[in-house]
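Here the structure is laid out as structure tokens; the discussion comes afterwards.
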Ligand SMILES: Cc1cc2nc3c(=O)[nH]c(=O)nc-3n(C[C@H](O)[C@H](O)[C@H](O)COP(=O)(O)OP(=O)(O)OC[C@H]3O[C@@H](n4cnc5c(N)ncnc54)[C@H](O)[C@@H]3O)c2cc1C
């Protein structure tokens with residue numbers, strides 16, 4: 005484990021926005037991590053990074069980023085390393101005929117980042133497969149095992165999201181559904197894409213990847229962090245008749261942020277090198293490849309202001325600002 009200093013963050017994130025980190029440690033085992041935490045010469049604070057696909061560095065980071073270099077294998081008991089790519093996990097489980105994770109195919113990033121964010125797509129969230137996770141306390145080096153209840157999962161949120169700077173996930177045990185579980189395709193246009201046959205997990209995966217490709221920017225080509233805003237949960241009093249909504253048990257209504265942004269005529273809107281993606285207005289992209297964090301934040305603020313003025317709803321970013 006050899007620390008690197010003064011590193012370029014852009015290639016470590018899918019946004020590709022320029023920023024520097026004071027140090028980076030690539031770790032493999034819990035012992036590597038403990039050594040890093042005990043190394044008094046490494047700049048503080050410590051921050052985990054996975055695929056960097058849900059982060060916007062709004063300036064240089066003065067601490068040490070912790071990135072896991074690991075194998076992409078699923079252990080016989082379902083253990084996966086936090087640094088394993090989520091899409092690789094989805095591919096392997098679909099290949100094994102197991103159900104559930106195939107709906108998460110194509111989401112960039114790692115198992116660790118997904119478990120923090122409770123990444124979800126097409127009616128499935130990663131949190132539902134979690135049996136247990138091993139965490140290291142970044143302050144003490146102590147390792148503890150937690151279960152799904154401890155994680156307190158909700159829509160794009162977890163207990164770790166609140167306490168993320170205290171813990172790092174080392175690995176996790178994930179248990180997909182068995183092969184005889186029903187395919188979950190009543191979401192978005194998946195059923196239309198698949199027809200009426202009972203699709204295999206691999207067929208669902210391929211359909212998800214096709215639908216995603218048609219709507220979302222490929223991070224290898226255009227930088228982004230996916231959905232930039234959360235879908236707001238609002239008081240029914242602010243709903244307008246034409247506004248799509250999903251009523252929640254709490255009595256609040258969840259409204260698609262993409263619809264609000266679209267209705268404000270913001271598709272294709274540019275601010276410096278940042279732009280609202282035409283085919284999915286929930287996504288802000290690094291259109292020029294040279295966008296700065298100030299461009300992205302400028303566009304973010306303009307979207308929030310415009311939507312608030314028109315609908316009296318305040319959008320909240322899903323992407324973590326570091
Ligand atoms: C094109 C595109 C499409 C996307 N589509 C979706 C989608 O459909 N659904 C969805 O939910 N998201 C989506 N996202 C967002 C993102 O890919 C997910 O949130 C992903 O799960 C983040 O994983 P990551 O490894 O990149 O996390 P990072 O961005 O690296 O980190 C996110 C947070 O998790 C923390 N973290 C990372 N690893 C660990 C660890 N081992 N231990 C503790 N904390 C850790 C980080 O410190 C940070 O706070 C999309 C992004 C892009 C670019």
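Residue numbers (my numbering): 5 to 326.
Cβ coordinates follow ideal geometry from the N, Cα and C atoms, glycine included.
Just so you know, these numbers come straight off a predicted model, no measurement behind them.
DSSP, reduced to helix, strand and coil, places residue 148 within a strand of the structure shown. No Cβ-Cβ contact shorter than 8 Å links residue 326 with residue 319. Closer than 7 Å to some heavy atom of ligand 1: that does not describe the Cβ of residue 48. At a threshold of 7 Å, residue 72 counts as near ligand 1, since its beta carbon sits closer than that to one of the ligand's heavy atoms. Residue 158 carries a strand assignment under DSSP once its states are collapsed to helix, strand and coil.
Nearest to residue 26 by C-alpha distance, out of 16, 193, 263, 64, is 64. Residue burial is scored here from C-beta neighbours: residue 274 has fewer than 16 other C-beta atoms within 10 angstroms and is therefore classed as exposed. By the criterion of at least three beta-carbon pairs nearer than 8 Å, the stretch 171-182 is in contact with the stretch 97-115. Within the DSSP bridge table, the entry for residue 28 names 8, 69 as partners. Exclusion of residue 321 from the 7 Å shell around ligand 1 follows from its C-beta lying no nearer than that to any non-hydrogen atom of the ligand. The continuous beta strand (DSSP E) containing residue 278 extends over residues 278-280. The beta carbons of residue 86 and residue 175 sit about 6 Å from each other, so the pair counts as a contact at 8 Å.
In this structure, the straight-line span from the alpha carbon of residue 111 to that of residue 171 is close to 23 Å. Under the DSSP definition of a beta bridge, residue 227 partners with 290.
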